[in-house]
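Per my numbering, the sequence shown starts with residue 155, numbered consecutively. Every residue gets a Cβ at the ideal spot worked out from N, C-alpha and C, and that includes glycine. One structure is given below, encoded as structure tokens.
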Amino acid sequence: MNQPREDFPVPSGRDAALVARASVPVDMPHPLRHLEEALGPGPFALVILFVSPDADLDALALRLPGRFGGAPVIGCSTAGEISGAGYTEGEIVAVALPAAHFAADVLLIPDLSVLEREALIGQLIRSRQGLARARPDWEGEFAFLMVDGLSVREDELAAALASGLGPVPLFGGSAGDGTRFRATYVLHEGQALQNAAVLALIRTECRVKVFSLDHLTPTEARMVVTGADPARRIVHRINAEPAAQEYARLLGKDPAQLTSFTFAAHPVVVRIGGKHHVRAIREVGEGGDLIFFSAIDEGVVLTLADPQDMVAHLAERMAELSARGAPVAILACDCILRRMEAQEKQRSGAVSALLRENGVVGFSTYGEQFNAMHVNQTMTGVAIYPPERAG
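Spelled out as structure tokens, the structure:
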């Protein structure tokens, strides 16, 4: 019999209730009722749902108003979930932030095709000021974004949000649809929406650390985009040759052998602001084009990157996040290509064990947002620590 999952490792004592988490299979009867029971009575400042694309998103959304004690509920469809078991699929994962420790304000961006930048910046400033007035004694702040992963507008959105957030760190993820790439959704006020985004501004008494990590090392192999359709993130030509053919040549592969696993194992990066950022390839398009997960343009220099040992790197970064004391929870957005690489290299079990041991909860994405950037093949997130109480 299906049961709700509450096996996230959490501390005992007074810090045990800082973040509530639970998950249920999508085919469980009355899943929201089971999640409510597992999360507890609240009251909650915010409830976040990461929902398998196997669920009926519209039907689920219609049942959300009034649930979880009337707390605001946001969420998105996924390319896989991260629950108390680590990497999972076919689940609804819930995270609840208790009102005793968190304050939240939710903003909907309803139409990504028309980004009214100045109005959005004004909303963000007013939201930040409102939270500061409500809880002037709390100093922890972060912003969490979920956005339609097929909108092709994440780059512009992240840049616009950064202008209004000022010093508040932002992280987020692009909603997924498994490996189908057909339709992705965000959840807001009882609706499953496409071409939209939802942003939660959080203020908390907890110590928080927003982070981004990847396990990739640039090589000396470089290529230049010589033909592209930036609006659709399509590259037609690399080094004046058909894009997929030239990428395969540099790898020593037949273009017919290119798969999602190839792209995960042989990513390309661009250098921006003194750092390398992944520009992940999603799939081979018509005529040998390459379709990317994030912004791409003619003249961009791409560098092949080699993955380090994924498990060792993740263990090292998790240890760094615990250097001043272990977090009570880590809310994370993890690229689908990281999950694919783990599967291809038969490291899923080891990665899941690390996620489980470190209390990571979240979802696999079609891209990640970190401050002003939309990136790929990373894990972005926030580590939430107990409040630094006097004495």
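(1) Let me know if residue 268 comes out buried or exposed under the rule of 16 or more other beta-carbons within 10 Å of its beta-carbon.
(2) Using the three-state DSSP reduction, which class does residue 166 fall into: helix, strand or coil?
(3) Name the one or two DSSP bridge partners that residue 327 has.
(4) Report yes if the C-beta distance between residue 396 and residue 457 is below 8 Å; otherwise report no.
(5) Using only CA atoms, which one of 495, 278 and 345 lies nearest to residue 319?
(6) Does residue 454 come out as helix, strand or coil in the three-state DSSP assignment?
(7) Decide yes or no for the touch test of the segment 307-317 against the segment 465-481: beta carbon pairs closer than 8 Å, at least 3 of them.
(8) Three-state secondary structure (DSSP) at residue 132?
(9) Which value, in whole angstroms, describes the spacing of the CA atoms of residue 288 and residue 253?
(10) Which whole-angstrom value describes the C-beta separation of residue 310 and residue 328, a residue pair presumed to lie in contact below a C-beta threshold of 8 Å?
(11) Pull the bridge partners of residue 383 from the DSSP assignment, please.
(12) Residues in the same chain with beta-carbon distance under 7 Å from residue 461, minus the five sequence neighbours each way, listed in chain order, please.
(13) May I ask you to report which of helix, strand or coil DSSP gives residue 370?
(14) Go through its chain and collect everything with a Cβ distance to residue 446's Cβ below 7 Å, but skip five positions before and after it.
(15) Please state if the CB of residue 459 and the CB of residue 505 are separated by a distance shorter than 8 Å.
(16) Tell whether a beta-carbon distance below 8 Å holds between residue 302 and residue 348.
(17) How is residue 317 classed by DSSP in three states: helix, strand or coil?
(18) Would the beta-carbon of residue 344 fall within 8 Å of that of residue 218?
(19) Please state the DSSP three-state secondary structure of residue 155.
(20) Determine the direct distance from the alpha carbon of residue 244 to that of residue 321, and round the result to whole angstroms.
(21) Count the other CB atoms within 10 Å of the CB of residue 412; is the residue buried (16 or more) or exposed (fewer)?
(22) Would you mind stating whether residue 199 and residue 257 have Cβ atoms separated by less than 8 Å?
(23) Ordered along the chain, which non-local residues of its own chain (more than five positions away) have a Cβ less than 6 Å from that of residue 230?
(24) Quick test of the definition: if touching needs 3 or more C-beta pairs under 8 Å, does the segment 483-495 touch the segment 222-241?
(25) Is the distance from the Cβ of residue 484 to the Cβ of residue 525 below 8 Å?
(26) Can you look up residue 416 in the DSSP assignment and give me helix, strand or coil?
(27) Tell me which residues share the same chain as residue 113 and place their Cβ nearer than 6 Å to its Cβ, disregarding the 5 neighbours each side in the sequence.
(28) Rounded to the nearest angstrom, what separates residue 223 and residue 538 at their Cα positions?
(29) Going by Cα to Cα distance, which pick from 354, 276 and 270 is closest to residue 226?
(30) Just to confirm, are residue 359 and residue 294 a CB contact at a threshold of 8 Å?
(31) List in chain order: all unbroken alpha helix (DSSP H) runs of 4+ residues lying wholly within the segment 227-278.
(32) So the candidates are 518, 385, 466 and 522; which of them puts its Cα closest to the Cα of residue 331?
(33) Please report the residue range of the beta strand (DSSP E) in which residue 554 lies.
(34) Which value, in whole angstroms, describes the spacing of the CA atoms of residue 480 and residue 530?
(35) Tell me, which residues are paired with residue 538 by DSSP?
(36) Where do the ends of the alpha helix (DSSP H) carrying residue 399 lie?
The relevant details are as follows:
(1) exposed
(2) Because the pLDDT at residue 166 is just 37, under 50, the model does not fix this residue reliably, and the value given afterwards should be weighed accordingly. DSSP, reduced to helix, strand and coil, places residue 166 outside both helices and strands of the structure shown, so it counts as coil.
(3) 300 and 522
(4) Going by C-beta atoms, residue 396 is not nearer than 8 Å to residue 457.
(5) 278
(6) coil
(7) At 8 Å Cβ cutoff, the stretches do not touch.
(8) No answer is possible for residue 132: it lies beyond the span of the chain, which begins at 155 and ends at 545.
(9) 12 Å
(10) That pair is no contact at about 13 Å.
(11) 388
(12) 369, 370, 419 and 495
(13) The three-state secondary structure of residue 370, taken from DSSP, is strand.
(14) If we look at residue 446 and ignore the five residues flanking it on each side, its Cβ neighbours are 387, 389, 433, 434, 435 and 436.
(15) no
(16) Yes. Within cutoff.
(17) helix
(18) yes
(19) Note that residue 155 has pLDDT 42, beneath the 50 cutoff, so the model's placement of it is unreliable and no number is given.
(20) 37 Å
(21) buried
(22) yes
(23) 300, 329 and 340
(24) yes
(25) Cβ atoms of residue 484 and residue 525: not closer than 8 Å.
(26) helix
(27) The requested residue 113 is not part of the displayed model; the chain covers only 155 to 545.
(28) 23 Å
(29) 354
(30) yes
(31) Whole alpha helix (DSSP H) segments, 4+ residues: zero.
(32) 518
(33) In the structure displayed, the chain extends from 155 to 545; residue 554 sits before or after that span and is not available.
(34) 27 Å
(35) 362 and 483
(36) 397-405
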